[in-house]
Structure formats: C-alpha cells, structure tokens
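In my numbering, the protein residues as written are 997 to 1174.
Note that beta-carbon positions come from the ideal geometry of N, C-alpha and C, so glycine has one too.
This structure is a prediction, so every number in the text was calculated from the model and none was measured.
Remarks on the structure that follows.
Take a look at the structure:
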C-alpha cells in the first residue's frame, strides 16, 4: 500500500471539498481549484477527511494513488495559504520593474523584456532586483517562475542572471591567463 496515498487528508476550517464523479473541487478563502482524478482512483469525503483509495494493486493504480492524494493536498494548501516562489536578478545593470500587472526586466539585452502574469498568478517586485511569483496553484506558480528564470539563466562564470531565491550557482574558474 502507498504510504502517502493511504493517509487521509484533514479538511481545514473554511475549506469545502465537493466530489462530482471524476472531478474534485476545492474551495477556500483564496479561491477555487478543480482537479480531474485519473480513472482507477476513487476519492471520498468522510467525516471532515478526504480519503483516496485504489481498487487493485496494478502498476498504474499504485503509481496514481500517492500522486492523486498529493495533488488534492496541494490544492487544499493552495486555497488556504497559497504558494509563492522568490526570484533574484543578479548582475550589473540588471533590474526588474513593475508595470501594472506585468513586469519589465532589464537583463543586458538590447531591449527590455516584458513578462505578463499568467491567469491566477501575481507578480510582485520588491526593490530593483527581487521578484515574487505567487498564486493558489502550485504547478502554475512553479511553471511561471521557471519561465521567467529561462529568460536569462544564471551563467557559471560571473553568476549573472535570474535565479531562484536561495539558489546556489556553481561557479567556474575561467581562463587562467599568462
């Protein structure tokens, strides 16, 4: 039995979960997220707990059991606390500015790079070199942060670029010279 999948999920106060066939809707103070559950997995709400079960021990059922439980738990955390990911812009002349709901980067290109916030994601700028990506969907927050980082990844020689907050960039020595 899956160690993660068999654990029941406590439903916190202020969160309502409705199971309608294959669709699990989680509604909380920050918003609402729906999840389509894969075919063999069953989800039930029993006395203030969500229970995820599988019908058999087939390989596909076992692999989806823990995943489904974790996705539902992530949605509950998302609608109560929300998710956020910090980004830092490192480099001389590199900076970030808020432009309404979008963000404008100066990253050493010949033009400024404007990034629009995807649906359900908010981009907040603190100072000239810190950016926070936040929202209720864990996957959407991570994907938006990864797409912003992809614009100018931190390079190994000087460490310039967009990096996650707390990310350690491995540095290379460079040329030795004569």
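How is residue 1065 classed by DSSP in three states: helix, strand or coil?
By one-based count along the chain shown, residue 1065 stands at place 69. Reduced to three states, the DSSP call for residue 1065 is helix.
Determine the contact status of residue 1092 and residue 1121, defining contact as a CB-CB distance below 8 Å. Counting from 1 along the chain shown, the entry for residue 1092 is found at position 96. Counting from 1 along the chain shown, the entry for residue 1121 is found at position 125. Yes.
| Which value, in whole angstroms, describes the spacing of the CA atoms of residue 1087 and residue 1159? | Within the chain shown, numbered from 1, the residue matching residue 1087 stands at position 91. Within the chain shown, numbered from 1, the residue matching residue 1159 stands at position 163. The straight-line gap from Cα to Cα measures roughly 11 Å.
Taking the alpha carbon of residue 1136 as the reference point, which residue from 1079, 1095, 1021 and 1151 has its own alpha carbon closest?
Residue numbering aside, residue 1136 sits at position 140 when the chain shown is read from its first letter. Of the listed residues, the one whose Cα sits closest to residue 1136 is 1079.
Notebook entry, point to check: Three or more beta-carbon pairs under 8 Å between the segment 1067–1077 and the segment 1140–1160, yes or no?
Noted result: no
For residue 1146, which of helix, strand or coil comes out of DSSP? The sequence position of residue 1146 within the chain shown is 150, counting from 1. Here residue 1146 sits in helix by DSSP.
message: If you follow the beta strand (DSSP E) that residue 1093 is in, where does it begin and where does it stop?
response: Residue mapping note: residue 1093 aligns to position 97 of the chain shown, counting from 1. First-last of the beta strand (DSSP E) with residue 1093: 1091–1095.
Identified DSSP bridge partners for residue 1083:
To locate residue 1083, count along the chain shown from 1; it is residue 87. 1127 and 1160, per the DSSP bridge assignment.
Under a three-way DSSP split, which group does residue 1165 fall into?
-> For this step, residue 1165 is matched to residue 169 along the chain shown. If DSSP states are grouped into helix, strand and coil, residue 1165 belongs with coil.
| message | Can you tell me whether residue 998 is helix, strand or coil according to DSSP? | response | Mapped onto the chain shown, residue 998 falls at position 2. If DSSP states are grouped into helix, strand and coil, residue 998 belongs with coil.
Practice task
Using three-state DSSP, classify residue 1049 as helix, strand or coil.
Solution key: Against the chain shown, residue 1049 aligns to sequence position 53. Three-state DSSP puts residue 1049 in a strand.
*Figure out for me which residue from 1056, 1029 and 1169 has the closest Cα to the Cα of residue 1036.*
Along the chain shown, read from residue 1 onward, the residue named residue 1036 stands at position 40. Taking only the C-alpha atoms, the option nearest residue 1036 is 1056.
Discussion item. Suppose the cutoff is 7 Å on Cβ atoms and the five residues either side in sequence are ignored; what does the same chain contact list for residue 1140 look like?
Written reply: For the purposes of this step, residue 1140 is identified with residue 144 of the chain shown, where counting begins at 1. Here the set comprises 1114, 1117 and 1129.
task: Go ahead and pull the three-state DSSP assignment for residue 1134.
output: Mapped onto the chain shown, residue 1134 falls at position 138. Helix.
- Select from 1019, 1112, 1127 and 1134 the residue whose C-alpha is nearest the C-alpha of residue 1162. Looking up residue 1162 in the chain shown gives position 166. Here the closest residue by C-alpha is 1127.
Report task. Have a look at residue 1066 and residue 998 and give me their C-alpha separation to the nearest angstrom. Result -> To locate residue 1066, count along the chain shown from 1; it is residue 70. To locate residue 998, count along the chain shown from 1; it is residue 2. The alpha-carbon atoms of residue 1066 and residue 998 are separated by roughly 12 Å.
Give the DSSP-derived three-state secondary structure of residue 1071 in the structure shown. On the chain shown, position 75 is the one that residue 1071 refers to. In the structure shown, residue 1071 sits in a helix (DSSP, three-state: H, G or I).
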